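Protein chains in written order, with the working numbering: chain B, 64 to 403; chain L, 128 to 501; chain Y, 191 to 702. Idealized CB from N, CA, C, for every residue including glycine. Because the structure is a prediction, the values reported are computed rather than measured. Everything below concerns the one structure shown next.
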């Protein structure tokens, strides 16, 4: 009697070889991005050390100047890890700057009252999008596109003109410096780092965080394993909405005005940072720490271009695009290799 | 349909079931909304040998969108999407304008033609790249086209050196701002592109193969369709359409703005395609529907302006339209709101028609409900 | 000796779908510490029974008793909490997470909401260890081959309820075709795990298409046919021929007289020749010859490799060994295009997913293959197209005879005819028909069989796959017999060949 006749698989297929495990390690892309950051920083040191690039404050400024982007990118990381996408980020940020500026300047509300309101609006917007995505099975791309239009439109409904904020408590908050020995950080940067730490904790040490990974890995399986997949999805978009609103508040602090055109296209920067940080756009694989490096790399490109002086600002976009392309192709090769 | 008494309702039904019915109905309603506010909305006047009127300007201002949306239709029909069209619009305009601005004689026809050729070539190269990433490398379309969406604007600004390049070229002015036979020339360009697209897809087998690839990719592979070629071709065509739109936009303003030309046009174009009844999941497409969809969007903008609602609410309206159209296309939503009658059976590709009862031909086909039993 | 009380008892189970009675009055019982095979051909109702048991489908009649209590499950989750776990053919786990997480996700050990990773890894390692498996629980699941992932799925399902007390421990484990893509060593590993669980008192319901595996591991079997119970037997009491008879539903001697047809003898020279063609995980390397005008039938049970063989010949799956010549020329078979170019046509058994484009019309679906071959630049002229389509709609009696009808709305039989028409239009040299008569009504069935005969008389070679042996025997000049993913015999049809002979060959794996 004969049973199956396929040749038995190679003996080593059972325990993956060291090299294969290293290459298959999901932390590899993060390490690559971190390395890229260090190399770029090193190159910067070499080229501009006489122009003050070596100052620790230049490094800290990366956090100060990109804190809002980091917060937004953290929110997007949740969404992308779950296998979705959020295009509304830039608009929610823009809306939050307008909303805050309008309430503070035109309605005279104290900033401490405005902050929770703005956060609630952003989170609710995210919740609504998540609700529609889950309950009516419409592609996240389209739903968040509607969100993009809606929030940008609401910006313009509030005012077509930019509103600058003169409120003293806001400006003192914006100018506050948190000394750090070798330099200082702004409140925005501190908040961003706290958000990052919280996100790390949530993603790695709570059931909700692991569900986000599970759904991104295989939504069908997650459902069959009895995970509350709908609730998780809605929560993910709520988190993203909340983070966008928080990013909007930080952006307001950073720029001290509300403008209906603030942060247009910032969703692209956030998505690019997440991808460059090694998170798979198909979901399920990646680290929020990678997002930090992604944001730092993007920030460093901006700083280097400033230091270079002769390079114009649009090189930022081109460099971002090239990096994005490189990382997408690397991801592609990594995933195909795994399947075979 | 067999007895005379039912001819009227069945004719009415045939009409409402036509794939263009709902898009056209929306368009007509939008146009009529204008009449109380602008009584001479439909009148067209002849001034200086040119025709003027709201209808003419809707088509004129809507021209670039129609072009981009037509190209996008084919991409979406294959089950893809192209986010890079806005950036391609910017690149094409920038390249053409910067070439013309370098010429000694900006109005020399040969120079202008060369500039346009150069711009369109760049557009097609962008399309080839997108197609390569999607079809050959197997990267999700949203992601693959995101690259040029991000980098493309930088390239456009690189070409224009961050400036807004203004040019003064009569022949170039013609495509986007000129008149011909009393009508804006861009209307002829649009008509030509739409006609070429229809011929290309419906007079050859391209349309059929595109719909097959988008409708059932595995079946298409097993039937021997070379879907890779078709996808690459479609992305190139989409980029070409975006390129023409880019020429038109820069010609209309006689300037190239790497930053703002074609901003958000990809989103409007996708919206136009969806309103026109082509499902985002791919498969059946309708060029006519897309044209109507683009006109709906342009009319919406115009209407908001004429009825005196502050123009800034435009985007809010647009968001509302996106949401309503998508909800109506969602089988789940239909099932929840209209009851099982409409939801069931239309779980296949949605159409813009809110309630296409699928039962119309079923009884005639001795359809045995198919169940998976084992 | 008094039998112990069954842990699970299903009595008088009825499940109906619109127009179809999928299960009628089926009884099924499962004892603790036994491995029980559920047997049946396509459409017998195996999957339906499992889905009713695990709460995927609701019950239309009958009762389910678990541990003496009457139960009714609204969802797989409820069934799982009650102690019924299911592992499917496709591994329903998250490949991106670690083995430990896959075992524990949804019930991770936590303290104040914080996941205790160390404890989770330790518990997972203990569980894996207890079941005698050698798996590093910290590695991502995707770093292991499918077979190990399957084992992890089983570990997860039996580990249910260990940490939170939500569940009550697995009493019944349902394994739905877990072995279909495993090799022999991997199957043995799975069996070791199954035996260990059996020793722990778990009742295992096992579904497999591999007869040897059933006879190796199972204690008892229940056979279903057409949604009814045929019998429950101890594995030792029923030999393989007997089992196949029960599954197919005819006693051997009853079948003899059905075999009274005339095959045309006008078979020409060799058209297709495959040498050592095979694919790991699909079908073992095989040699095959098909002559011009010959009908080669493939006989074998569901999952025996019939479809896999056909897909290799068509290039739908890429062969990883061997070569094939068609009409004397070597063909690479790396993609369907190669085979189509050489004159091969393939009607898949999965009409909906691999055959038709449901959104397109009958006409468009019919001309699709021909058009694909011509390329997009050379559309078939309208008049010629309409003529062709009309001709085939008439010849095959496709209803409604409306070329504009959407194919998705046609009945199964008519969809099958559309698919046939699509390939006939290309005038192939070899037509591969995979279960062309499945799920269609009797009239259409006869028509399609008649068509096969007349096509072969006109010189077309046909590779015919059907679950019903009579059907294969009636049409084929040569019968290829498959068993457990291997082509075990090629029998020239003749008066002395009967379905019982074929059955014996399937059962024994060799032809006398």
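| Check | Outcome |
| --- | --- |
| Is it buried or exposed for residue 295 of chain B, if we count other Cβ within 10 angstroms and need 16 for buried? | buried |
| Taking a contact to mean a Cβ-Cβ separation below 8 Å, would you say residue 216 of chain B touches residue 443 of chain L in this structure? | yes |
| Can you find a CB in chain Y that lies within less than 8 Å of the CB of residue 285 of chain B? | yes |
| My parser needs the beta strand (DSSP E) runs of 3 or more residues fully inside the stretch 180-217 of chain B; what are they? | none |
| Using alpha carbons as the reference points, say which of Y/230, Y/519, Y/249, Y/431 lies closest to residue 215 of chain Y. | Y/249 |
| With H, G and I counted as helix, E and B as strand and the rest as coil, what does DSSP make of residue 256 of chain L? | helix |
| Is it true that the stretch 653-669 of chain Y meets the stretch 677-692 of chain Y, where meeting means three or more beta-carbon pairs spaced less than 8 Å apart? | yes |
| Let me check one thing: in DSSP terms, what residues is residue 537 of chain Y bridge-paired to? | Y/623 |
| How big is the Cα-Cα spacing for residue 203 of chain L and residue 219 of chain L? | 22 Å |
| Can you tell me which of B/344, B/228, B/327 puts its alpha carbon nearest to the alpha carbon of residue 334 of chain B? | B/344 |
| Suppose you measure from the CA of residue 499 of chain Y to the CA of residue 590 of chain Y; what does that come to, to the nearest Å? | 34 Å |
| The stretch 524-544 of chain Y: which residues have C-beta closer than 7 Å to a C-beta of chain L, in chain order? | 526, 527, 530, 536, 538, 543, 544 |
| What's the gap between the Cα of residue 509 of chain L and the Cα of residue 253 of chain B? | Residue 509 of chain L falls outside the range modelled here, since chain L spans only 128 to 501, and no answer is possible. |
| Taking 6 Å as the limit between beta carbons, can you name the residues of its chain near residue 515 of chain Y, skipping five residues before and five after? | 463 |
| So, under 8 Å CB-CB, residue 358 of chain B and residue 136 of chain B are touching, yes? Tell me the CB distance rounded to an integer number of Å. | 5 Å |
| Would you mind giving the Cβ-Cβ distance between residue 315 of chain B and residue 160 of chain B, rounded to the nearest angstrom? I have them listed as a contact below 8 Å. | 5 Å |
| Would you check if the stretch 302-316 of chain B and the stretch 109-119 of chain B touch, i.e. whether three or more CB-CB distances between them fall below 8 Å? | no |
| Per DSSP, which residues does residue 291 of chain L bridge with? Please list them. | L/384 |
| Please classify residue 250 of chain L: does DSSP put it in a helix, a strand, or coil? | helix |
| Between residue 414 of chain L and chain Y, is the shortest Cβ-Cβ distance under 8 Å, so that the two count as touching? | no |
| Taking just the CA atoms, how far does residue 312 of chain L sit from residue 283 of chain L? | 26 Å |
| Give the secondary structure of residue 243 of chain B by DSSP, where H, G and I count as helix, E and B as strand, and everything else as coil. | coil |
| Enumerated in chain order, which unbroken segments of the alpha helix (DSSP H) with a length of 4 residues or greater are wholly contained in the stretch 215-239 of chain B? | 231-238 |
| Quick one, which residues of the stretch 153-176 of chain L are near chain B if we go by CB-CB under 8 Å, in chain order? | none |
| Please say whether residue 438 of chain Y and residue 625 of chain Y have beta carbons closer to each other than 8 Å? | no |
| According to the neighbour-count rule (16 or more other Cβ atoms, all chains shown, within 10 Å of its Cβ), is residue 238 of chain L buried or exposed? | buried |
| Any beta-carbon of chain Y closer than 8 Å to the one on residue 352 of chain L? | yes |
| Looking at residue 228 of chain B and residue 431 of chain B, is the spacing between their C-beta atoms short of 8 Å? | No information on residue 431 of chain B is available, as it lies outside the stretch 64 to 403 that chain B covers here. |
| In this structure, how does DSSP classify residue 119 of chain B when only helix, strand and coil are distinguished? | helix |
| Would you please state the rounded distance, in angstroms, between the beta carbons of residue 406 of chain Y and residue 337 of chain Y? I believe it to be under 8 Å. | With a Cβ gap of about 17 Å, residue 406 of chain Y and residue 337 of chain Y do not count as contacting. |
| Would you kindly work out how many angstroms separate the C-alpha atoms of residue 426 of chain L and residue 213 of chain B, rounded to a whole number? | 19 Å |
| Listed from N- to C-terminal order along the chain, which residues in the stretch 567-578 of chain Y have their beta-carbon within a distance smaller than 7 Å of any beta-carbon of chain L? | 567, 569 |
| What first and last residue would you give for the beta strand (DSSP E) that runs through residue 217 of chain Y? | 210-220 |
| Quick one: which chain B residues come within Cβ less than 9 Å of residue 286 of chain Y? | 89, 276, 277, 279, 280, 281, 343, 346, 347, 348 |
| Enumerated in chain order, which unbroken segments of the alpha helix (DSSP H) with a length of 4 residues or greater are wholly contained in the stretch 185-248 of chain L? | 212-229 |
| Is residue 286 of chain Y near residue 346 of chain Y, with beta carbons less than 8 Å apart? | no |
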